[in-house]
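Have a look at the structure below, then the notes.
Number of protein chains: 2
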Amino acid sequence: MRRITAHAIPPASQPKNNALRFIPLGGCGEVGRSCYVYECGDDIVIVDMGLQWPDEDMPGIDYLIPNIEYLKPKKKNIRGIVITHGHYDHIGGIPHLLDKLGNPPIYATALTRGMILKRQEEFKFGAKPNIEVVTPESRVQLGAIEVSFFHVNHNIPDSVGVVLKTPGGTAVHTGDFKFDHSPVNERPADIGRLSEIGRQGVTLLVSESTNAEDPGHQISEADVQRSLEEIFKVAHGRIIAATFSSLLTRIQQLIWLSEKYGRKVVIEGFSMKQNVAVSQQLNYMSIKKGTLVDSKDLHRYPEEKITIICTGAQGEDRAVLMRIANNEHKMISLRPNDSIIFSSSVIPGNEATIQRLKNVLYKKAARIYHKASMDIHAGGHAKQEELKMMINLTEPKYLIPIHGNYFMLKLHTDLAEETGMPKQNLMIAEDGDIVSITDAGIRKEKEKAPNDYVMVDGLGVGDVKEVVLRDRQHLAEDGIFVIISLVDNASGKVRTSPDIISRGFIYLRESQDLLKEVRLLTRKVVEEVTVHGERPINWVHVKDELRERIGQFLFNKTRRRPMVLPVVIEV
Amino acid sequence: MRRITAHAIPPASQPKNNALRFIPLGGCGEVGRSCYVYECGDDIVIVDMGLQWPDEDMPGIDYLIPNIEYLKPKKKNIRGIVITHGHYDHIGGIPHLLDKLGNPPIYATALTRGMILKRQEEFKFGAKPNIEVVTPESRVQLGAIEVSFFHVNHNIPDSVGVVLKTPGGTAVHTGDFKFDHSPVNERPADIGRLSEIGRQGVTLLVSESTNAEDPGHQISEADVQRSLEEIFKVAHGRIIAATFSSLLTRIQQLIWLSEKYGRKVVIEGFSMKQNVAVSQQLNYMSIKKGTLVDSKDLHRYPEEKITIICTGAQGEDRAVLMRIANNEHKMISLRPNDSIIFSSSVIPGNEATIQRLKNVLYKKAARIYHKASMDIHAGGHAKQEELKMMINLTEPKYLIPIHGNYFMLKLHTDLAEETGMPKQNLMIAEDGDIVSITDAGIRKEKEKAPNDYVMVDGLGVGDVKEVVLRDRQHLAEDGIFVIISLVDNASGKVRTSPDIISRGFIYLRESQDLLKEVRLLTRKVVEEVTVHGERPINWVHVKDELRERIGQFLFNKTRRRPMVLPVVIEV
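First to last, the sequence lines map onto chains F and C. 270 is the number that the numbering used here gives to position 270 of the first sequence; each next residue is one higher, with no gaps. Here the numbering used here = 1-based position in the second sequence + 1000.
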C-alpha cells in the first residue's frame, strides 16, 4: 500500500498509469510568469519559464518568478525546458531557476536562444544554459515524450507552439499566438500543420487567453504597416515612435518605413538596442547599411530625415520617451514639428501614467498618434475568433486555457463551449493545480504544487515575504515614527528628552508643538511602567504601551497612523 | 505710476478697464479639483470648489483641493460661489476653504445644496455655509456680475451651466454636461436657451473637456435603461449592481427596473445610502414604499426578487463589492446565480484593480456585465460632437477648455478649430494662469496665481509637503533601516552592540548574518571618527559616515537602498 507522507508534496507522487499531468507553476491566474509542467510517468517537460511584473501593491519588487518547489524533488525527471518565444514573460525566470533545476537542456528557436543568452549576460552567477536550437520542423525525443513544434504569429519573430506526444495522449501548447494572414517579416501561422495535428488526434489543448475578452480578430500587421505609412507620408519633422523593446516586428516595420521615406533611424533605450543587435546578428531583422545612426550625430540631419524609435510607450519614469519629454535626455529634446507615435497596447494599471506623459507631449510636439485614434498597433495575442479557430483546427478532447487572469481563462472556456466542446472537458486550472488526464477524464488532484509568490528584489529571490510588503505599504501610507528613550536602569527615570525620528508622516519643521507633546507623553508613559510599575522592569510592556499610546495620540491629532517604533535603551 | 511690489501677487493687481479675468485654481490640467475664478473690476465670482483624488505617486494622501492663495488678499471682493452640481470634484473643497474665504454666499440648485450640506456634516469645524437655492430660471446680481443658469444633462440631477454677464463681456461656463435627448428622470439639456444666449453674444465659452478624446456622442440614458432591462429580463438570481455612490441617475434607473420586475432593493455603501436619502428627501428620486429593504432582511426574499445596488465598481479595497466578493461583508456573500453589473466608467489607473476584482467575481457568480460588453453605462460628459455643438450654439468669441488633463484641453481646442474658431481665440490655460480678455484680445498675464498642490491627509491640510511624499515613496520602495549606537562621550567607544530596527527592507529573521555584519561595521565606522578622529567629536560627521557606508554596504549585499537612519546617542 502506498503510504502518504506528511510532506506537502509526497515525494512519491507520480502520475499513475501513463496519466498525463499538467501543472501550471505560473501563468494561470495572471498574464506573465509563464511556466507549465507536462509530466507523464517519469518524464517531465517544462514549457516556458517567465517573469511577471509586480502589481502596484508590491512596492519595490522587481518581478515575480514561478514557484518551482514542485519540481525540486523531481529534478532527475526533468528531460528539458522548451521555450516558445523570446519575451521576458516566457524566458525571464531562467537565470534565477536553471541552476536549481539541475541545468536541464533548453530547446528554443534561434532568435529565442539569442534573447535568452543576451539576458543571461546580466547574470554573472549560475550555470551557462545549454540551448539546443530547434525549428518548426524539429522533433525532439525527451524521455517518453516526443516534442515537435509549429509556427505561430506573435509580435516577435520565431515564435512557436509545441506538440507533446506522450504515452498519456497528445498535448498542443499554443504559446502566445495570433493568426495573421499577412504578417510582416515572417510567414502566416501554420494553419495546415495545425489542422494535420488535429486530424492525428489531440487529447489536450493548452491555449493562451490574454485577449479572450476581445471579440473579433486581431488586425493584421500589414494593416498596421499601412497606417504607420500614413504618418510617414505627412510628417514634416522628426518621427518619434515609442514601443516595447521586445516588439521586434514593430521596430522592423518602422525601420523599413524610415528607409522608404529616406529617414535615418536612431534606436534609443538599452534593451531595445540590445534586442535589435541580437536580431540583426541572427538575420531576423533587415536593416540597410547606413540606416542606423547614433543620437549624437542627429544634428547632421534635417528634422524630416530622422526617425527615433525608443522605449517608454507605457509612460515609464526612466524610459527614453519620458526622459525626452521631460528634457532629461542627453541628446534629444522635443521640437514643435515632432510627430509622436505610441505603438503598443496599454498594460492595465498604466493608464494614468500614460495620461501624464501625454500631457507633456501635447504641450511640446506637433502631432500625437496612438492606438485609439489609428490602427498603428496590433497586439500579439489571439482574439475571440482566433481562439475558436485554434480549437476548431486542433479538435482537442480537453481544453485548459492559460496565460490570463482568472476571468480571461473563464471567458476562454465560454468560447470553447460556443464551439461545441462539452463543459466537462473544459478545465480552468490555477497556478499550483495538478491536473490529471486519464481514460476516466480530466480532473484536479487533491494535492497541490506550492504556489506562493516568489519575488525578486535586487539580489534577493524569495526573501521578501508578505510581512515585508505589508510594512512597505504601511510605510507608504503614513510614514514612520521612531521614539528613542534612554531609561535609567536603577531609578526607571527617563534620561534627557526622548529622541524622535520621523519620515513620511508630517512635515517636522512645522510640527514642533506636536513633537514636544509626544516627548512629554513618552516620558509619562515610560515612567508609569518603569518607575511605578512592577520590578524587574517589564521592558516589553514599556514598548507595547508606547506603541499603543503614542500611536493613538498621533492619530487623534492628525488622523494618520504612522508606524510607531519605540526604542527603549537601558543605561 | 503704478508700483509693482515684490509680492508674488501684487496686492493691487486688479483687472484693468473692465477687463474680464479668468483664473483656474484647479481643473485645468486635471480632471477634478474644479475651481474657477471670474474677476471683473472689484468683483469676483467663483464657480465650483472641488476636490481631486490623488495620483498613485501620492501615497497616503486623501485628496487635493484648490490652492486659494490668489483669493486671500481679495477676500472682500468675493461676491459669491456658484456650484454647478453636487459631485465631489465640484463641491469637495468647500468644507476646507469656505472659512478662509470669509464664508461668502453659495448659490446652488436644491439637490446640489443637499449634497453640500450632507458633506458638511462630516466636518465639525468651520462656518455653516450660507446656500441660496437657485433654479435654471434664477438670476443673481453679484456686484457688477449678473449670474444666470441653464439646465444641462449629467449623471446627477439638477446640474446647471452658468452665464456670467460682466462689464467685460459675457462668459458661459458649462460645468460638467452632456446633451441627452432622452434622459432619465429629467428634461433634456436646454438647447433653446443656449442658442438664445448665443444670439445675445458670448465673449467667452469655458467648456469642460473630460471626454474630448472620444469621438461621437454620449449614448442616451434611455439606451442605458434598455440595456439594463435586458439583464433584468434574464437574471435568475440576485442582481448586484455596482456604480459610483454619486451616480444618482443610474441608481434611479436600477430602482425603477427593480420595481418593474418585482425586486426589493438593498442600497449598500455609506455614501450611497446618504446620497439616496438626500435625493429622496428633496424629491429627486422616486422610490415606491416598500421597495427599499435592509440587508439584514434579505433572507426573507427569494434570490430572483433581490437587487443589491452598491459601491465598489472601481475595485476599491474597502468598498462594498470588494467586501462581498471577498466574503468580508456582514450580510452578503456571492452566490452562483448572481448577476453582477458594473455600471460605471473606469477611472484611469484603476484597470488592474478592477481586473483583480473580476477574477474573484468570475469564480463565484453566474454572469458579469460590464460596459465593454453592453451599453449599461453612459458617462456624464460631452463627447466630441457634443462639445462642437456647445460651441456652435453659444457662438463664443473666445474659448477656454477646462476640466481635463492638458492633452484633453488641447484636443478640445482642435475641435474648436474644426468648428471654424480662429486659433488665436483659443486659449489653453493651466491652474494658476491669469487670463485677461480685453478689447485687444485674450492673453495670459505675466504674473501667476500660486498653484502648488494643497494636499489633505487626515486632519492636515497642506502640511504634507513634497519632501514627505518623497520619503513615503522611498520607504515604500525599499523600507527603512535604523541603527542606534550608544557612544561613550569620553572614550568615543561604542557601548554594547548597536541596535537595529528595520521594516520593509528584508525579512529580518532570515538575515541574521547580514545584521551581524552591519553591527560590526557600525562599530568600526563610529569609532573611526569618535576614537581616532578630531576632538571634540564631530557627531554630524559620525552620522553622515554611517548613513553613507551602511547604505553602500546594504546596497552591495542586496541591491536595495533602504532609507538608512543612524541614531548616535552620547552617554
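Each residue gets a CB set at the ideal place from its N, CA and C atoms; glycine is no exception.
Legend entry - Spatially closest choice to Trp1053 of chain C from C:Ile1347, C:Arg1367, C:Leu1357, by CA coordinates: C:Ile1347
Inset, instruction - Mind listing the chain C neighbours of Glu316 of chain F? Cutoff is C-beta to C-beta under 9 angstroms, in chain order. - result: Those do not exist, as Glu316 of chain F stays about 13 angstroms from chain C at its closest Cβ, beyond 9 angstroms.
Legend entry - 8 angstroms Cβ cut-off: residues of chain C touching Asn405 of chain F: Within 8 angstroms Cβ-Cβ: Gln1355, Arg1356, Lys1358, Asn1359.
Legend entry - Extent of the continuous beta strand (DSSP E) to which Pro401 of chain F belongs: 396-402
Inset, instruction - Would you tell me roughly how many angstroms separate the C-alpha atoms of Thr210 of chain F and Asn77 of chain F, rounded to the nearest one? - result: Rounded to the nearest whole angstrom, the C-alpha separation of Thr210 of chain F and Asn77 of chain F is 31 angstroms.
Legend entry - For Ile1091 of chain C and Gly1114 of chain C, the rounded distance between their alpha carbons: 11 angstroms
Inset, instruction - Could you have a look at Thr210 of chain F and say whether DSSP puts it in helix, strand or coil? - result: DSSP, reduced to helix, strand and coil, places Thr210 of chain F outside both helices and strands of the structure shown, so it counts as coil.
Legend entry - Host alpha helix (DSSP H) of Glu517 of chain F (start-end): 512-530
Inset, instruction - Closer than 7 angstroms by beta-carbon distance: list the chain F residues that pair up with Glu1351 of chain C, in chain order. - result: Pro348, Gly349, Glu351
Legend entry - Distance between beta carbons of Tyr369 of chain F and Lys1410 of chain C, contact taken as under 8 angstroms: Their Cβ separation, rounded to whole angstroms, is 14 angstroms, which puts Lys1410 of chain C and Tyr369 of chain F out of contact at 8 angstroms.
Inset, instruction - Decide if Asp1452 of chain C is buried, meaning its Cβ has at least 16 other Cβ atoms within 10 Å, or exposed. - result: Asp1452 of chain C counts as exposed, since fewer than 16 other C-beta atoms from the protein chains shown sit within 10 angstroms of its C-beta.
Inset, instruction - Give a yes or no on whether the minimum CB-CB distance between Arg300 of chain F and chain C is below 7 angstroms. - result: no
Inset, instruction - Step through the CB atoms of chain F and report whether any lies within less than 7 angstroms of the CB of Arg1503 of chain C. - result: yes
Inset, instruction - Provide the residue(s) that pair with Glu121 of chain F in DSSP beta bridges, ordered along the chain. - result: Glu121 of chain F pairs with nothing; no bridge assigned.
Inset, instruction - Would you please verify whether the beta carbon of Met1 of chain F is less than 7 angstroms from any beta carbon of chain C? - result: In this predicted model, Met1 of chain F has a pLDDT of only 32, less than 50, meaning its place in the structure is not dependable; the value taken from the coordinates is given anyway. No, no contact with chain C.
Legend entry - Best match in F:Tyr507, F:Glu548, F:Val568, F:Pro450 for proximity to Ile537 of chain F [C-alpha to C-alpha]: Between Ile537 of chain F and the set F:Tyr507, F:Glu548, F:Val568, F:Pro450, the nearest pair of CA atoms involves F:Val568.
Inset, instruction - Under 7 angstroms between beta-carbons, which chain C residues line up against Thr558 of chain F? List them in chain order, please. - result: Gly1458, Leu1459, Gly1460
Legend entry - Environment of Ala6 of chain F [buried if 16+ CB atoms lie within 10 Å]: Legend: pLDDT at Ala6 of chain F = 35, less than 50; position of this residue unreliable, value from coordinates given subsequently. Its Cβ having fewer than 16 others within 10 Å, Ala6 of chain F is exposed.
Inset, instruction - Determine whether the Cβ of Leu282 of chain F lies closer than 7 angstroms to any Cβ atom of chain C. - result: Put simply, the CB of Leu282 of chain F is far from chain C, with every gap to its CB atoms at 7 angstroms or more.
Legend entry - Start and end residues, beta strand (DSSP E) containing Thr177 of chain F: With the sequence shown as reference, residue 177 of chain F is identified as Phe, and Thr is not the correct amino acid for it. DSSP places Phe177 of chain F outside any beta strand (DSSP E), giving it a letter other than H or E.
Inset, instruction - Compare the Cα-Cα distances from His1217 of chain C to each of C:Lys1178, C:Gly1032, C:Ser1227, C:Leu1254 and report the closest residue. - result: C:Lys1178
Legend entry - Cβ shell of Asp1499 of chain C (< 6 angstroms), same chain only, five flanking positions each side left out: Spatial neighbours of Asp1499 of chain C in its own chain (CB-CB distance under 6 angstroms, excluding positions within 5 residues in sequence) are listed in chain order as Ile1484.
Legend entry - CB-CB length for Ile480 of chain F against Leu1515 of chain C, believed under 8 angstroms: No, Ile480 of chain F and Leu1515 of chain C are not in contact; Cβ-Cβ is about 19 angstroms, not under 8 angstroms.
Legend entry - Residue range of the beta strand (DSSP E) that includes Ser1436 of chain C: 1435-1438
Legend entry - Local conformation of Phe1481 of chain C per DSSP, three classes: Assignment of Phe1481 of chain C by DSSP, reduced to helix, strand and coil, places it in the strand class.
Inset, instruction - State the CB to CB distance for the pair Phe553 of chain F and Val518 of chain F, rounded to an integer number of angstroms; the pair is presumed to be in contact (CB under 8 angstroms). - result: With a Cβ gap of about 7 angstroms, Phe553 of chain F and Val518 of chain F count as contacting.
Legend entry - Pair within 7 angstroms by beta-carbon distance, Ile156 of chain F and Leu248 of chain F: yes
Legend entry - 8 angstroms contact criterion, which Ala189 of chain F and Val152 of chain F should meet: CB distance rounded: 5 angstroms
Legend entry - Unbroken beta strand (DSSP E) run spanning Asp499 of chain F, endpoints: Asp499 of chain F -> beta strand (DSSP E) spans 494-503.
Inset, instruction - Buried or exposed for Lys260 of chain F, please, with buried defined as at least 16 other CB atoms from any protein chain shown within 10 angstroms of its CB. - result: exposed
Inset, instruction - Pull out every residue of the segment 470-484 of chain F whose Cβ sits closer than 9 angstroms to any Cβ of chain C, in chain order. - result: Arg470, Asp471, Arg472, Gln473, His474, Leu475, Ala476, Glu477, Asp478, Gly479, Ile480, Val482, Ile484
Legend entry - CB contact check: Lys444 of chain F to chain C, cutoff 7 angstroms: No - not a single Cβ of chain C is within 7 angstroms of the one on Lys444 of chain F.
Inset, instruction - Output yes if chain F places a C-beta closer than 7 angstroms to the C-beta of Asp1463 of chain C; else output no. - result: yes
Inset, instruction - Using three-state DSSP, classify Asn1556 of chain C as helix, strand or coil. - result: helix
Inset, instruction - Specify the secondary structure class of Thr135 of chain F as computed by DSSP and reduced to three states. - result: coil
Inset, instruction - Starting from the beta carbon of Asp499 of chain F, find every residue of chain C whose beta carbon is closer than 8 angstroms, and list them in chain order. - result: Val1567, Ile1569
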